[in-house]
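Number of protein chains: 2
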Amino acid sequence: MSGAARDSYHHGDLKTALIVASEEIIRTEGVEGFTLRKAAKFSGVSPGAPSHHFNGTKGLLTAVAIRTFEKLGAELNALPSSGRPAQDLRTQALGYVTFAALNPGLFRLICRVDLIDFKDPAFMQASFEALTRYGHAAAAYFGQEPPDVNKRVFRPHMASAMATAHGLAHMVIEGRPALLFDTPDPVGTFIETALPLILLATWPD
Amino acid sequence: MSGAARDSYHHGDLKTALIVASEEIIRTEGVEGFTLRKAAKFSGVSPGAPSHHFNGTKGLLTAVAIRTFEKLGAELNALPSSGRPAQDLRTQALGYVTFAALNPGLFRLICRVDLIDFKDPAFMQASFEALTRYGHAAAAYFGQEPPDVNKRVFRPHMASAMATAHGLAHMVIEGRPALLFDTPDPVGTFIETALPLILLATWPD
DNA sequence: TGTCCATCTGAACATTGCATAGATTGGAGA
DNA sequence: TCTCCAATCTATGCAATGTTCAGATGGACA
């Protein structure tokens, strides 16, 4: 427990502390293990304190979701570019699924419409920017215009391309690989077999 | 409100009544609108009564999930078979996505690992049987053995084929179409454009 | 008819998110 | 440096939720 037992009455940067604490809780105990009071106690603060910085639980979790999208975007941006459209698109898809597999709690969070304010402009912006690189890879492959940052609009082809990785990611965090493969590492087996299969079928090199 | 104000002290078939009530609540108010007490009141029964028939909330929701998979399986089985593998596979995928679009609350339920007992043998059996037809269509297309009902094992190719529809379904119930398409019927637009695109790309006729 | 036990009630308890009233204090302006 | 205000935090309470449990009820079966 960080606890962060502070000396002064005021915390100093409670807003950030709550986001970090919430992320840690979700990472270790999953979204279902998260409670607002737990995040407050983790930050060494009373249960009512968070309401002064966020619009309820949904507001705090939306902030965590934004942070998660920023991390996802950073990881996708860090992936190498080969210059070959099909190869790059496959790399992005694999990165997307890998992120979900390694961060199941946070990935579940960003898909929970009931826990997050999907109408929040900052959230919409973050979710779009995280997939910009992915969108560009898809655009390059399909020979279409890249996604428009200002209008936040993806082309149908890009939406289609993303659905594949999105479906694989969900199947991973729903634990389907364990039901499908009786191996020591079901998730690894699933990614190594299913992903190349469908991506090769969709976008042959 | 059905209320189902009964005359006798004993309900008669509370187990079924609770499942039906829960399904109705989820259908109208979503998974997040469901509470065990609400289902009890809906069935005209005290808050403690359900515990005599189900292993807590998770037990009841697992029963609802089983019922949902049975309906999904029935709908997929009712879809026509053309004899052409690619066509049939596409029909199954479209049926899968359509079910999710028309039953968003119930589809969310069957993907909520935290609300359902995924280890329940009856649930595992139901989830497998619902996708048997889909698996057969994929097997026919890929020229592989059909799924084994006894061992409950899908082939990697089938898992891949299902991921596409699964991803589209999730994007639909997560409200992505509304963010992607500025039309009167975003979901319809999404299905009509994105699904054919990716399925045509994956399994050309 | 009489007994048994599955079924259901009603009341409790801990936990949750949230609202509100009051305490504390950092810091801007005099 | 001093004053005072607004932001911040505490403490308390409230309604709702899932769950448990002692006791009431009555159907099934001998």
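From first to last, the protein sequence lines are chains V and S.
At position 17 of the first sequence (counting the first as 1) the number is 16 in numbering that gives the first Met the number 0, and the numbers step up by one without a gap.
At position 89 of the second sequence (counting the first as 1) the number is 88 in numbering that gives the first Met the number 0, and the numbers step up by one without a gap.
Glycine residues also receive a C-beta, built at the ideal position from the N, C-alpha and C atoms.
query: Roughly how many angstroms separate the alpha carbons of Asp-12 of chain S and Leu-60 of chain S, rounded to a whole number?
result: 17 Å
message: Once DSSP output is grouped into helix, strand and coil, what is the label at Asp-87 of chain S?
response: helix
query: Just checking, does the segment 164-179 of chain S make contact with the segment 158-169 of chain V on the three C-beta pairs under 8 Å criterion?
result: yes
Per-residue burial, Asp-87 of chain V [other beta carbons within 10 Å of its own, 16 or more giving buried]: buried
query: Roughly how far, in whole angstroms, is the beta-carbon of Ala-62 of chain S from the beta-carbon of Ile-18 of chain S, given that I think they are within contact range, below 8 Å?
result: 5 Å
query: What does a CB cutoff of less than 8 Å around Val-96 of chain S pick up in its chain, not counting 5 residues either side in sequence?
result: Ala-164, Leu-167, Ala-168, Val-171, Ile-190 and Leu-194
query: Quick one, which of V:Ser-45, V:Val-112 and V:Glu-128 has its alpha-carbon nearest Leu-71 of chain V's?
result: V:Glu-128
Burial state of Pro-146 of chain S (16 or more Cβ within 10 Å): buried
field: Near-chain S residues of the segment 109-122 of chain V (beta-carbon distance less than 8 Å), N- to C-terminal order
entry: Cys-110, Val-112, Asp-113 and Phe-117
Residue-chain proximity (His-135 of chain S, chain V), Cβ-Cβ < 8 Å: no
query: Using the beta-carbon of each residue, which ones in chain S are nearer than 7 Å to Ala-38 of chain V?
result: Near Ala-38 of chain V there are no residues of chain S at all, since even the closest Cβ is about 18 Å away, more than 7 Å.
query: Cβ of Ala-139 of chain S within 8 Å of Cβ of Leu-108 of chain S?
result: no
- prompt: Is Glu-74 of chain V closer than 8 Å to Phe-98 of chain V when the C-beta atoms are compared?
  reply: yes
- prompt: Pairing CB atoms from the segment 75-86 of chain S with CB atoms from the segment 130-144 of chain S, are three or more of them under 8 Å?
  reply: yes
Interface residues of the segment 48-70 of chain V facing chain S [CB-CB below 9 Å]: none
query: Residues of chain V with a CB under 7 Å from the CB of Leu-75 of chain S: which are they?
result: Those do not exist, as Leu-75 of chain S stays about 17 Å from chain V at its closest Cβ, beyond 7 Å.
Ile-65 of chain S, DSSP secondary structure in three states: helix
Residue span of the alpha helix (DSSP H) that contains Ser-81 of chain S, given as start and end: It is not in any alpha helix (DSSP H) - Ser-81 of chain S carries neither H nor E in the DSSP assignment.
task: For the alpha helix (DSSP H) containing Thr-131 of chain V, list its first residue and its last residue.
output: 131-141
field: Inter-residue spacing [alpha-carbon to alpha-carbon] between Gln-124 of chain V and Leu-78 of chain V
entry: 21 Å
task: Take Lys-222 of chain V as the anchor and find which of V:Asp-116, V:Lys-14 and V:Ser-159 has the nearest alpha-carbon.
output: In this structure chain V extends from 0 to 204, so residue 222 of chain V is not present and cannot be described.
- request: Inspect the beta-carbon positions of Ser-42 of chain S and Ala-16 of chain S and report whether they are closer than 8 Å.
  value: yes
task: Please check the pair Cys-110 of chain S and Glu-173 of chain V, which I expect to be a contact at CB under 8 Å, by giving their CB distance rounded to whole angstroms.
output: 6 Å
- prompt: Is it true that the CB of Gln-91 of chain S sits closer than 8 Å to the CB of Arg-26 of chain S?
  reply: no
field: C-beta contact flag for Leu-114 of chain S and Thr-67 of chain S at 8 Å
entry: no
message: Any beta carbon from chain S within less than 8 Å of Thr-97 of chain V's own beta carbon?
response: no
- prompt: Going straight from the alpha carbon of Gly-32 of chain V to that of Glu-22 of chain V, what length do you get?
  reply: 11 Å
task: Quick one: list the residues of chain S neighbouring Thr-163 of chain V, beta-carbon separation under 8 Å, in chain order.
output: Ala-162, Thr-163, Gly-166 and Ile-197
field: Interface partners of Glu-173 of chain V on chain S, CB under 7 Å
entry: Cys-110 and Val-112
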